Amino acid sequence: MAYRMIKTEGDPILKKKSRTVTEFDERLWTLLDDMKTTLYKAEGVGLAAVQVGVLKRVVVIDVEDDHGFMELVNPEIIESKGVQKESEGCLSFPDKSGVTERPMYVKVKAQDRNGKFFEVDGEGLLGRCFCHEIDHLDGISFVQRLAPGERVHLSKD
Ligand code: NI
Numbered sequence: 001m002a003y004r005m006i007k008t009e010g011d012p013i014l015k016k017k018s019r020t021v022t023e024f025d026e027r028l029w030t031l032l033d034d035m036k037t038t039l040y041k042a043e044g045v046g047l048a049a050v051q052v053g054v055l056k057r058v059v060v061i062d063v064e065d066d067h068g069f070m071e072l073v074n075p076e077i078i079e080s081k082g083v084q085k086e087s088e089g090c091l092s093f094p095d096k097s098g099v100t101e102r103p104m105y106v107k108v109k110a111q112d113r114n115g116k117f118f119e120v121d122g123e124g125l126l127g128r129c130f131c132h133e134i135d136h137l138d139g140i141s142f143v144q145r146l147a148p149g150e151r152v153h154l155s156k157d
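FYI, the numbering for the sequence shown is 1 to 157, going by this note's numbering.
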C-alpha cells in the first residue's frame, strides 16, 4: 500500500471527467489500497481517484462514524433530501475552505471492489462527503458549490 501524491489546484486533471470502472481486477485493488493509505496519511475524510491522477470513478471515504472506511466504485447519487450549508475543504485545495450548499441527506448506489452493487446513505458530514467526492469524478470542485453570497477563505483568514 503506497502513498500517492495528491494533485492540487491548478492541475488540469482535476477538471476532467473520470471513466466508469469495468475491470474489477488487481489493478483496481491496488489503486483502492493506495488511496486508503493516502487518505489516512493526508488526514482527509474522502479522496477521489482523480486526486491521485487516475481518471477512474473510484472514491474512498472515512468520516469516522459507524460506517468506517468505505470504498465506492462507480458511485451515483440516487436520492437526496434537504439542504445544508457548512464549511468545506478539500485535500486538493489544502489552504482553502468555503461554505457550500449541499443536500442534507444523500443515498448512493455504488459497486464494491469485486463489482457487487450496494446502497449506502448518510446525512450531515457523510452526505456532504458523498456529494463532494462524486463531484470530483465529474471534474467539479467544492469552490464551484459555494452557497449564495459565500466566498473561498484562505485558512489563515
Ligand atoms: Ni476534494
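By construction, the Cβ of each residue, glycine as well, lies at the ideal position given by its N, Cα and C atoms.
The model shown is predicted, which means the values in this text are computed figures rather than measured ones.
- Judged by DSSP secondary structure, L39 falls within the alpha helix (DSSP H) whose first and last residues are E26 to K41.
- In the three-state scheme derived from DSSP, where H, G and I count as helix and E and B as strand, G10 is classed as coil.
- In terms of Cβ geometry, I78 and V54 do not form a close pair [threshold 8 Å].
- The three-state secondary structure of G122, taken from DSSP, is strand.
- Not one heavy atom of the ligand NI sits closer than 7 Å to the Cβ of S87.
- Each residue's CA atom was taken as its position, placing G124 and E23 some 32 Å apart.
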